[in-house]
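Below is one structure, written out as structure tokens, with a few remarks after it.
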Amino acid sequence: MKSTEEVRAIVEALKELYPDGICSLDYEKDYELLFSVRLAAQCTDERVNKVTPALFARFPTLEALANADISEVEQYIHSTGFFRAKARDIVLASQMLLSEYGGKVPGTMEDLLKLPGVGRKTANLMLGDVFHVPGVVVADTHCIRITGLLGLTDGSKDPTKVEMQLRKVLPPEESNDFCHRLVFHGRAVCIARRPQCGECVLRPWCDYFSKNVAEPAKD
DNA sequence: ATCCCGAGGG
DNA sequence: CCCTCTGGAT
Numbered sequence: 002m003k004s005t006e007e008v009r010a011i012v013e014a015l016k017e018l019y020p021d022g023i024c025s026l027d028y029e030k031d032y033e034l035l036f037s038v039r040l041a042a043q044c045t046d047e048r049v050n051k052v053t054p055a056l057f058a059r060f061p062t063l064e065a066l067a068n069a070d071i072s073e074v075e076q077y078i079h080s081t082g083f084f085r086a087k088a089r090d091i092v093l094a095s096q097m098l099l100s101e102y103g104g105k106v107p108g109t110m111e112d113l114l115k116l117p118g119v120g121r122k123t124a125n126l127m128l129g130d131v132f133h134v135p136g137v138v139v140a141d142t143h144c145i146r147i148t149g150l151l152g153l154t155d156g157s158k159d160p161t162k163v164e165m166q167l168r169k170v171l172p173p174e175e176s177n178d179f180c181h182r183l184v185f186h187g188r189a190v191c192i193a194r195r196p197q198c199g200e201c202v203l204r205p206w207c208d209y210f211s212k213n214v215a216e217p218a219k220d
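Per our numbering: the first sequence = residues 2 to 220.
What follows is the structure, given as structure tokens:
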């Protein structure tokens with residue numbers, strides 16, 4: 002279990018390393034971020050940023066997306082994977098945004114979760130980045146992995162459990178940016194396949210480092 | 001073979 | 001809890 006001081010130290014260390022605690026998806030409109038996050042499921046943000054400019058140029062409004070032929074949307078987003086479900090979600094969610102929410106992305110967890118293709122991860126990201134709700138935790142693959150290694154959670158891989166555990170220990174005004182910084186850290190240093198512990202500033206507070214790197218268990 | 005800022009259904 | 005959906009990169 003981490004003390005409040007240790008958590009604060011981790012938060013500050015990451016803030017110093019990655020001053021911008023922001024999302025790396027490119028977007029202009031709120032709904033573009035919503036759909037970009039949907040496209041980012043099991044896909045890199047880098048690849049999403051390669052397909053969204055053409056997609057949002059071909060369908061420049063929510064109305065255009067709502068009336069789009071799903072098979073044509075599939076062609077634009079094919080390289081992001083899960084293209085059938087993603088294309089269907091984008092078109093159906095566009096229709097629902099227009100019919101139920103006046104063409105605006107809703108700002109509550111309850112309403113966001115009603116949109117097809119929007120789960121807790123996407124909803125939390127919108128609440129944090131667009132609506133600036135304090136205490137938001139975006140429990141994505143990087144967040145789950147790294148906070149588990151650090152010992153900020155019990156090691157569970159269940160996104161909702163991780164979200165709830167982190168909510169209890171993270172400063173509400175820092176939690177959203179902190180999650181974005183974990184993404185950067187997951188790409189550059191705490192890489193899933195091989196963590197670069199030698200160059201990690203979080204070593205002093207990391208359970209994985211102290212157990213498996215500093216003093217490897219010899220079996 | 002494993003991972004990438006997941007969601008939905010059983 | 002489990003499984004499936006999908007392509008690209010390493």
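Glycine included, C-beta positions come from ideal geometry on N, C-alpha and C.
(message) DSSP three-state label for L116, please.
(response) As a working note, residue 116 is residue 115 in the first sequence. Reduced to three states, the DSSP call for L116 is coil.
(request) Specify, as a first and last residue, the run of the alpha helix (DSSP H) that C180 falls within. (result) On the first sequence, position 179 is the one that residue 180 refers to. It spans 176 to 189 - the alpha helix (DSSP H) in which C180 sits, taken as one unbroken run.
(request) Would you check if the distance between the CB atom of I172 and the CB atom of R9 is smaller than 9 Å? (result) By one-based count along the first sequence, residue 172 stands at place 171. By one-based count along the first sequence, residue 9 stands at place 8. One point to set straight first is that residue 172 is Pro, not Ile, in the sequence displayed. It is a contact, given that the beta carbons lie within the stated cut-off.
(message) Using only the alpha-carbon positions, how far apart do L35 and K122 sit?
(response) Translated into positions along the first sequence, residue 35 becomes position 34. Translated into positions along the first sequence, residue 122 becomes position 121. When rounded, the distance between both Cα atoms is 11 Å.
(request) Mind reading off the beta-carbon distance from C201 to V190? Whole number of angstroms is fine, and I expect it under 8 Å. (result) Within the first sequence, residue 201 is the residue found at index 200, counting from 1. Within the first sequence, residue 190 is the residue found at index 189, counting from 1. Correct: roughly 5 Å between the Cβ atoms.
(message) So, at 7 Å on beta carbons, what are the nonlocal neighbours of V49 in its own chain, with the 5 sequence-adjacent residues on each side left out?
(response) To locate residue 49, count along the first sequence from 1; it is residue 48. Here the set comprises L26, S37, L40, A41, T81.
(request) Check the C-beta distance from Y77 over to V52 and give it rounded, since I have them as a contact under 8 Å. (result) For this step, residue 77 is matched to residue 76 along the first sequence. For this step, residue 52 is matched to residue 51 along the first sequence. The C-beta separation of Y77 from V52 comes to about 6 Å, placing the pair in contact by the 8 Å criterion.
(request) Can you grab the Cα-Cα spacing for the pair E75 / M97, in whole Å? (result) What you label residue 75 is simply residue 74 of the first sequence in a count that begins at 1. What you label residue 97 is simply residue 96 of the first sequence in a count that begins at 1. For E75 and M97, the distance between alpha carbons rounds to 19 Å.
(message) Quick check on the DSSP output: what are the complete alpha helix (DSSP H) runs of length 4 or more inside the region 94 to 173, in order along the chain?
(response) Counting only runs of at least 4 residues, the region 94 to 173 fully encloses the following alpha helix (DSSP H) elements, listed from N- to C-terminal order: 110 to 113, 121 to 130, 142 to 151, 160 to 170.
(request) Leaving out five residues on either side along the sequence, give the residues of the same chain with a beta carbon under 6 Å from the beta carbon of A124. (result) For the purposes of this step, residue 124 is taken as residue 123 along the first sequence, with counting starting at 1. These residues qualify, in order along the chain: M110, L113, L114.
(message) P160 and D178 - do their beta-carbons sit closer together than 9 Å?
(response) Taking the first sequence and counting its residues from 1, one reaches residue 178 at position 177. Taking the first sequence and counting its residues from 1, one reaches residue 160 at position 159. Result no, Cβ atoms of D178 and P160 do not sit closer than 9 Å.
(message) Here's the rule: buried if 16 or more other CB atoms are within 10 angstroms of the residue's CB, otherwise exposed. What is S4?
(response) Locating residue 4 in the first sequence gives position 3, counting from the first residue. Its Cβ having fewer than 16 others within 10 Å, S4 is exposed.
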